[in-house]
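Asks: Let me give you the structure first, and then I'll get to my questions.
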Amino acid sequence: MYTGSPLLLTISYYVSQSIYLFSAAVVILTAKREGMKQGIYSIAILVLAGAISIMLKDVFRLPRPAGCVPDTIGRYGFPSTHTSVSFAGASLLNIRILYLWASLIALSRIVLGVHHIHDIVGGLLLGLLLGTSARAYQKDICGVLNEKQVFEIRRKTFHIIFGALTGAMIYLLPELTVISILLLILFSSILSSIFVKQGVRIPLLSWVTGLFEREQDLEYMPMKGSIFFTLGALCSVIVFSREIASASVLILAFGDGAATIVGVTAGRTKHLHNIKKSLEGSISGLIAGFFGAALLLPSGLAFAGALAGTIIESFDLRVGPLAIDDNLLIPITCGAVMTLLPALTHW
């Protein structure tokens, strides 16, 4: 870690944190230049770059610099996720100023002492490969997606982002703070649902529901996904340990999100027990859910939880005429499996 000018360290910290602003800029510029469909495509590429980078960290298990206190979950550094995501975005749009911004983000990670040079080089190569490939196939991929597929990708991309943030919050913040935030979100979602159901038009709320709510949910129960997702996360925090609760929410976020996105775009082999769901989607959900949980738990336990979530997601469960929302059922089931399995098997 650079130990010279405190000013340089401060600047490097804020440059490093600008990855979030950088990602937003990539999405906005793509949507403005190419349209909403391509904007959603850019979100998927950035998420994919981050996900692959995190997976590779667990594969290579190369440690961060000696004496480093990681500012991310996990102690492995290769490849750099900040660098992967920033160069994927820069090469997707192929704009010089974005390449410069991405380079500054990468350099800041070295100055802060959280990455070796080889971590940065690995992240750069991964980002360039993903971004360049995505740009080459952008028109072909976006051209074959219909409006329903674009809508579901948009919904589940938000689902993944919101779920990842919720999982991180559960892991990093004090339990009472997490419960308070989740209760506030739950109350706001229920109140918003009542407003929409009663036909009360609130500009921002109307825009959000128009972007993410299915028509049948708008008629039956607006904000349904937000309500049950938050309720599932809240139950997990109250019942399970911090690590199990966070991993359960990450399985819901990544697993359910990936299952739907792959299912609606590439699903061909339908399940015998549920023709609405596909084998391709379930396999993708299992893999994504596993890697989400493996950030916090041993790989065997993470796989067991992800498998439980995948099985639950593949069914449309009902109690009489009432459907049980998987946003509620998945984290509770995964949490129970990952809590009971070690106790029963001495894992």
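The working numbering applies: residue 280 is where the sequence shown begins, and numbers increase by one. For each residue, glycine too, the CB sits at the ideal point set by N, CA and C. Owing to the predicted nature of the structure, the values given are computational and were not obtained by experimental measurement.
1. Checking 8 Å against the spacing of the C-beta atoms, do residue 583 and residue 529 come in under that value?
2. Taking the alpha carbon of residue 472 as the point to measure from, which residue in 500, 452, 361 and 299 has its own alpha carbon closest?
3. Which residue or residues does DSSP assign as beta-bridge partners of residue 284?
4. Kindly list the residues whose CB is nearer than 6 Å to the CB of residue 502, restricted to its own chain and excluding five residues on each side of it in sequence; keep chain order.
5. Do you know offhand how far residue 431's Cα is from residue 286's?
6. Starting from the C-beta of residue 349, find all residues in its chain whose C-beta is less than 7 Å away, skip the five residues before and the five after it, and write them out in chain order.
7. Any idea what DSSP makes of residue 556, helix, strand or coil?
8. According to the neighbour-count rule (16 or more other Cβ atoms, all chains shown, within 10 Å of its Cβ), is residue 617 buried or exposed?
9. State the Cα-Cα distance for the pair residue 352 and residue 434, rounded to the nearest angstrom.
10. Just to check my reading of the structure: residue 534 and residue 494 have Cβ atoms closer than 8 Å, yes? What is that Cβ distance to the nearest angstrom?
11. Among 575, 439 and 520, which residue has its Cα nearest to the Cα of residue 454?
12. What is the DSSP secondary structure of residue 443, counted as helix, strand or coil?
13. On the DSSP bridge assignment, give the partners of residue 342 in chain order.
14. Could you tell me the alpha carbon to alpha carbon distance between residue 338 and residue 511, rounded to whole angstroms?
15. Could you name the residues of the same chain whose beta carbon sits closer than 6 Å to that of residue 387, not counting the 5 residues immediately before and after it, in chain order?
16. Could you compute how far the alpha carbon of residue 410 sits from the alpha carbon of residue 385?
17. Alpha carbon to alpha carbon, what distance is there between residue 567 and residue 558?
18. Within 10 angstroms of the Cβ of residue 605, are there 16 or more other Cβ atoms? Answer buried if so, exposed if not.
19. Got a sec: is the Cβ-Cβ distance from residue 304 to anything in chain D below 8 Å?
20. Give me the Cβ distance between residue 301 and residue 380, rounded to the nearest whole Å; I'm assuming they're in contact under 8 Å.
21. Closest to residue 441 by CA distance: which of 402, 418, 451 and 536 is it?
22. Check each candidate in 524, 562 and 551 and name the one with the smallest Cα separation from residue 538.
23. Whose C-alpha, out of 322, 378, 514 and 579, is nearest the C-alpha of residue 438?
24. Look at residue 345 and residue 570 and say whether their C-beta atoms are less than 8 Å apart.
25. Look up residue 349 in the DSSP assignment and say whether it is helix, strand or coil.
26. Given a threshold of 16 other Cβ atoms within 10 Å of its Cβ, counted over all protein chains shown, does residue 399 qualify as buried or as exposed?
27. Roughly how many whole angstroms lie between the Cα atoms of residue 307 and residue 299?
28. Rounded to whole angstroms, what's the CA-CA distance from residue 550 to residue 564? Just pull it up for me.
29. Going by Cα to Cα distance, which pick from 418, 314 and 607 is closest to residue 516?
30. If you draw a straight line from the alpha carbon of residue 588 to that of residue 334, how long is it in whole angstroms?
Replies: Let's see:
1. What you label residue 583 is simply residue 304 of the sequence shown in a count that begins at 1. What you label residue 529 is simply residue 250 of the sequence shown in a count that begins at 1. No, the pair does not count as a contact, with Cβ atoms beyond the cut-off.
2. Within the sequence shown, numbered from 1, the residue matching residue 472 stands at position 193. Per the Cα distances, 500.
3. For the purposes of this step, residue 284 is taken as residue 5 along the sequence shown, with counting starting at 1. Answer is none; residue 284 lacks a bridge partner.
4. Reading the sequence shown from its first residue, position 223 is the one you call residue 502. Once the five neighbours on either side are set aside, the close Cβ partners of residue 502 are 468, 471 and 472.
5. The sequence position of residue 431 within the sequence shown is 152, counting from 1. The sequence position of residue 286 within the sequence shown is 7, counting from 1. When rounded, the distance between both Cα atoms is 45 Å.
6. Locating residue 349 in the sequence shown gives position 70, where the first residue counts as 1. Its pLDDT being 49, under 50, residue 349 is placed unreliably by the model, and the measurement read from it follows with that caveat. Closer than 7 Å at the Cβ level, and outside the excluded window around residue 349, lie 343 and 393.
7. As a working note, residue 556 is residue 277 in the sequence shown. Residue state, collapsed to three classes: coil.
8. The residue labelled residue 617 in the question sits at position 338 within the sequence shown. By the neighbour-count rule (16 or more Cβ atoms within 10 Å), residue 617 is buried.
9. Locating residue 352 in the sequence shown gives position 73, counting from the first residue. Locating residue 434 in the sequence shown gives position 155, counting from the first residue. Annotation note: pLDDT 48 at residue 352 (below 50); position unreliable, coordinate value reported separately. Using only the alpha carbons, I get a separation of about 26 Å.
10. Counting from 1 along the sequence shown, the entry for residue 534 is found at position 255. Counting from 1 along the sequence shown, the entry for residue 494 is found at position 215. By a beta-carbon distance limit of 8 Å, residue 534 does not contact residue 494. Their separation comes to about 25 Å.
11. Residue 454 sits at position 175 when you count from the first residue of the sequence shown. The residue with the shortest Cα to Cα distance from residue 454 is 520.
12. Position 164 of the sequence shown, counted from the first residue, corresponds to residue 443. If DSSP states are grouped into helix, strand and coil, residue 443 belongs with the helices.
13. In the sequence shown, the residue the question calls residue 342 occupies position 63. 355.
14. Position 59 of the sequence shown holds residue 338. Position 232 of the sequence shown holds residue 511. Rounded to the nearest angstrom, the two C-alpha atoms are 31 Å apart.
15. Numbered from its first residue, the sequence shown carries residue 387 at position 108. Excluding positions up to five away in sequence, the list reads 291, 294 and 295.
16. For the purposes of this step, residue 410 is taken as the residue at position 131 of the sequence shown. For the purposes of this step, residue 385 is taken as the residue at position 106 of the sequence shown. Residue 410 and residue 385: Cα-Cα distance of roughly 16 Å.
17. The residue you call residue 558 lines up with position 279 of the sequence shown. The residue you call residue 567 lines up with position 288 of the sequence shown. Residue 558 and residue 567: Cα-Cα distance of roughly 14 Å.
18. Start at 1 with the first residue of the sequence shown, and residue 605 comes out as number 326. It is buried - the Cβ of residue 605 has at least 16 other Cβ atoms within 10 Å.
19. In the structure shown, chain D cannot be found, because there is only a single protein chain.
20. For this step, residue 301 is matched to residue 22 along the sequence shown. For this step, residue 380 is matched to residue 101 along the sequence shown. Beta-carbon to beta-carbon, residue 301 and residue 380 are separated by about 6 Å, close enough to satisfy the 8 Å threshold.
21. What you label residue 441 is simply residue 162 of the sequence shown in a count that begins at 1. Among 402, 418, 451 and 536, the Cα nearest to that of residue 441 is on 536.
22. Translated into the one-based positions of the sequence shown, residue 538 becomes position 259. When only C-alpha atoms are compared, the closest one is 562.
23. Locating residue 438 in the sequence shown gives position 159, counting from the first residue. Minimum Cα distance to residue 438 is reached at 322.
24. Stepping through the sequence shown from its first residue, residue 345 is reached at position 66. Stepping through the sequence shown from its first residue, residue 570 is reached at position 291. Taking C-beta atoms as the reference points, residue 345 and residue 570 fail to come closer than 8 Å.
25. Numbered from its first residue, the sequence shown carries residue 349 at position 70. Below a pLDDT of 50, predicted positions are generally treated as unreliable, and residue 349, at 49, falls in that range; the measurement from the model is reported next regardless. Of the three classes helix, strand and coil, the one that applies to residue 349 here is coil, per DSSP.
26. Within the sequence shown, numbered from 1, the residue matching residue 399 stands at position 120. That one is buried.
27. Here residue 307 corresponds to residue number 28 of the sequence shown, with the count starting at 1. Here residue 299 corresponds to residue number 20 of the sequence shown, with the count starting at 1. Each residue's alpha carbon lies about 12 Å from the other.
28. As a working mapping, residue 550 is identified with position 271 in the sequence shown. As a working mapping, residue 564 is identified with position 285 in the sequence shown. Each residue's Cα considered, the two are about 14 Å apart.
29. As a working note, residue 516 is residue 237 in the sequence shown. Among 418, 314 and 607, the Cα nearest to that of residue 516 belongs to 607.
30. In the sequence shown, the residue the question calls residue 588 occupies position 309. In the sequence shown, the residue the question calls residue 334 occupies position 55. Approximately 19 Å, taken between the alpha carbons.
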